[in-house]
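The structure under discussion appears below in the form of C-alpha coordinates.
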Amino acid sequence: MPSSVINYFSYDAAAKILKIIFVTDIVYRYKNVPERVYKMLKASGSKGRYFNSNIKDKFKFQKLEEE
1 MPSSVINYFS YDAAAKILKI IFVTDIVYRY KNVPERVYKM LKASGSKGRY FNSNIKDKFK
61 FQKLEEE
(Lines of atoms letter the chains of each structure in order from A; the text may use other names.)
(Lines give C-alpha, C1' and ligand atoms only; values in the text may rest on other atoms or scores of the structure.)
Protein backbone atom coordinates (compact mmCIF):
# COMPACT_ATOMS: atom_id res chain seq x y z
CA MET A 1 0.00 0.00 0.00
CA PRO A 2 1.43 3.44 -0.88
CA SER A 3 2.34 5.79 1.95
CA SER A 4 1.81 9.52 2.13
CA VAL A 5 5.09 9.91 4.06
CA ILE A 6 7.40 7.08 2.99
CA ASN A 7 8.39 6.86 -0.66
CA TYR A 8 10.59 3.74 -0.47
CA PHE A 9 12.28 1.51 2.08
CA SER A 10 14.68 -1.42 2.00
CA TYR A 11 16.36 -3.67 4.52
CA ASP A 12 19.83 -5.19 4.72
CA ALA A 13 19.35 -8.26 6.93
CA ALA A 14 23.07 -8.95 7.37
CA ALA A 15 23.78 -5.40 8.59
CA LYS A 16 20.35 -4.90 10.24
CA ILE A 17 20.03 -1.56 8.43
CA LEU A 18 16.63 -0.19 7.45
CA LYS A 19 16.86 2.51 4.79
CA ILE A 20 13.86 4.80 4.39
CA ILE A 21 13.39 7.42 1.69
CA PHE A 22 10.64 9.83 2.62
CA VAL A 23 8.43 11.64 0.09
CA THR A 24 10.54 14.74 0.80
CA ASP A 25 13.53 12.82 -0.69
CA ILE A 26 15.28 12.80 2.69
CA VAL A 27 17.02 9.47 3.32
CA TYR A 28 17.62 7.87 6.71
CA ARG A 29 19.46 4.71 7.65
CA TYR A 30 18.23 3.13 10.89
CA LYS A 31 20.73 0.86 12.63
CA ASN A 32 20.29 -2.46 14.47
CA VAL A 33 16.71 -2.87 13.30
CA PRO A 34 15.41 -6.42 13.83
CA GLU A 35 14.11 -8.12 10.70
CA ARG A 36 10.67 -8.53 12.33
CA VAL A 37 10.36 -4.72 12.52
CA TYR A 38 11.09 -4.47 8.79
CA LYS A 39 8.58 -7.23 8.02
CA MET A 40 5.92 -5.53 10.12
CA LEU A 41 6.57 -2.21 8.35
CA LYS A 42 6.24 -3.98 5.02
CA ALA A 43 2.94 -5.61 6.08
CA SER A 44 1.51 -2.50 7.74
CA GLY A 45 -1.55 -0.85 6.25
CA SER A 46 -0.22 2.54 7.38
CA LYS A 47 3.54 2.79 6.91
CA GLY A 48 3.70 6.27 8.46
CA ARG A 49 1.81 5.23 11.57
CA TYR A 50 3.92 2.08 12.00
CA PHE A 51 7.09 4.12 11.50
CA ASN A 52 6.06 6.70 14.12
CA SER A 53 5.10 4.05 16.67
CA ASN A 54 7.84 1.47 16.17
CA ILE A 55 10.89 2.98 14.46
CA LYS A 56 11.10 6.74 14.99
CA ASP A 57 12.98 7.58 18.21
CA LYS A 58 13.57 3.86 18.83
CA PHE A 59 16.71 3.24 16.74
CA LYS A 60 19.90 5.15 16.10
CA PHE A 61 19.92 6.65 12.64
CA GLN A 62 22.04 8.43 10.11
CA LYS A 63 20.62 11.09 7.82
CA LEU A 64 22.00 10.76 4.30
CA GLU A 65 22.11 13.14 1.40
CA GLU A 66 19.19 13.14 -1.01
CA GLU A 67 19.22 10.29 -3.51
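Heads up: the sequence shown begins at 1 in full-length UniProt numbering, then just goes up one per residue. Quick reminder that beta carbons are idealized off the backbone N, C-alpha and C, glycines included.
- CA-CA distance, residue 60 to residue 54, rounds to 13 angstroms.
- Note that the C-beta distance between residue 6 and residue 20 is below 7 angstroms.
- In this structure, DSSP gives residue 53 a helical state, which the three-state scheme calls helix.
- Annotation: residue 58 is outside any beta strand (DSSP E) and is labelled neither H nor E by DSSP.
- Of all alpha-carbon atoms in 3, 58, 46, the one lying nearest the alpha-carbon of residue 24 is that of 3.
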